[in-house]
DNA sequence: TGACATATCTTGTGACGCAAGGTAACTTCG
DNA sequence: CGAAGTTACCTTGCGTCACAAGATATGTCA
């Protein structure tokens, strides 16, 4: 792919996953599907699984295997206290950053559509 | 560096430069300073010059050297018609993308500060 | 002349999203 | 039973691009 959007996603998908986990624990494929449903935010499994690993190693999520009689084992991820702090910090950064971009492109937007 | 913000900048600085040039022609260092002044959007000369080159090769900007008696030569960049189209397309992408992110992190924002 | 500021450009590095491919477990159906 | 399909996990290699650091050239001023 490597469209414009792929570049935009850099540094954003991780925090988005944290945001999902801040609501409730989820397993990998579930996250893939939800990011996909959010539009503009996916990617592929090849993005999500390594990313979950990084979040885990950073201490921002914890995980546990859940075994069931009726379904194949799933690894559920849960956000940690540190993860919540990280997410809050990202929201700050994102706010400031997107605001800066919006101001710069404001004249263009006023001119054209959208 | 490689802070959160460095990642966020990916794919954004180019269009931001186009947005600046859409107002008026500018030379390299001038762009560096303006991006810096916009906050969150710089980076360093090592980002801007190669980027200007890419924009040039893509046909989104043109350039001309301006020689003066009193100042050292500057290379001024100007946005092309193609560049304006590209910029408009980016504004679209950015709109959709940032909206998707905002919706995902909305619950977190509601909870915390910002 | 030498020191400094202004201006351009190059090199090497590292992060990370992605496509593609690989493995295992559970279900369904002939 | 066995074969096919689905769900779920994970790994490998690649390419892009922002960045720090450094190289070079020109103009000013003491």
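Chains as they are written, first to last, in my numbering: chain Y, 1 to 114; chain Z, 1001 to 1114.
Glycine residues also receive a C-beta, built at the ideal position from the N, C-alpha and C atoms.
Predicted model only: the values in this text are computed from it and were never measured.
Check: For residue 1046 (chain Z), which residues of its own chain have a beta-carbon under 8 Å away from its beta-carbon, when the five flanking residues on both sides are left out?
Finding: By the criterion of a C-beta distance shorter than 8 Å, residue 1046 (chain Z) is surrounded by no residue of its chain, once the five residues flanking it on both sides are discounted.
Notebook entry, point to check: For residue 66 (chain Y), which of helix, strand or coil comes out of DSSP?
Noted result: Correct three-state label for residue 66 (chain Y): strand.
Item checked: Neighbour list for residue 32 (chain Y) in chain Z, Cβ cutoff strictly below 9 Å -> None at all; the shortest Cβ gap to chain Z is about 14 Å.
Note to self: Nearest by alpha-carbon distance to residue 14 (chain Y): which of Y:97, Y:49, Y:73, Y:37 is it?
What the structure shows: Nearest to residue 14 (chain Y) by C-alpha distance, out of Y:97, Y:49, Y:73, Y:37, is Y:49.
Next item on the list: Per DSSP, which residues does residue 31 (chain Y) bridge with? Please list them.
Entry: Beta bridge pairing from DSSP links residue 31 (chain Y) with no other residue.
Margin query: When you compare the CB of residue 107 (chain Y) with every CB in chain Z, is at least one pair closer than 8 Å?
Written below: Answer yes: the Cβ-Cβ gap between residue 107 (chain Y) and chain Z drops below 8 Å somewhere.
Checklist line | Cα-Cα separation between residue 72 (chain Y) and residue 1039 (chain Z), rounded to whole angstroms | finding: Residue 72 (chain Y) and residue 1039 (chain Z): Cα-Cα distance of roughly 49 Å.
Notebook entry, point to check: Shortest alpha-carbon distance to residue 111 (chain Y) belongs to which of Z:1109, Z:1088, Z:1016, Z:1101?
Noted result: The closest CA to that of residue 111 (chain Y), considering only Z:1109, Z:1088, Z:1016, Z:1101, is found on Z:1088.
Margin query: Rounded to whole angstroms, what is the Cα-Cα separation between residue 35 (chain Y) and residue 104 (chain Y)?
Written below: The straight-line gap from Cα to Cα measures roughly 28 Å.
Note to self: Strictly under 8 Å for the Cβ-Cβ distance: is residue 37 (chain Y) near chain Z by that measure?
What the structure shows: Chain Z, which has no Cβ nearer than 8 Å to the Cβ of residue 37 (chain Y), makes this no.
Next item on the list: Give the interface partners of residue 1057 (chain Z) over in chain Y, defined as CB-CB distance under 9 Å, in chain order.
Entry: None at all; the shortest Cβ gap to chain Y is about 16 Å.
Note to self: I'd like to check one pair, residue 1032 (chain Z) with residue 101 (chain Y): are the Cβ atoms closer than 8 Å?
What the structure shows: Cβ distance not < 8 Å, so residue 101 (chain Y) and residue 1032 (chain Z) don't count as in contact.
Checklist line | Reduced DSSP secondary structure (H/G/I, E/B, other) of residue 9 (chain Y) | finding: Residue 9 (chain Y): coil per DSSP, three-state reduction.
Check: Tell me which same chain residues have a C-beta within less than 8 Å of the C-beta of residue 56 (chain Y), skipping the five on either side of it?
Finding: Its chain contains 62, 63, 77 as the residues whose beta carbon lies nearer than 8 Å to that of residue 56 (chain Y), once the 5 sequence neighbours on both sides are disregarded; these appear in chain order.
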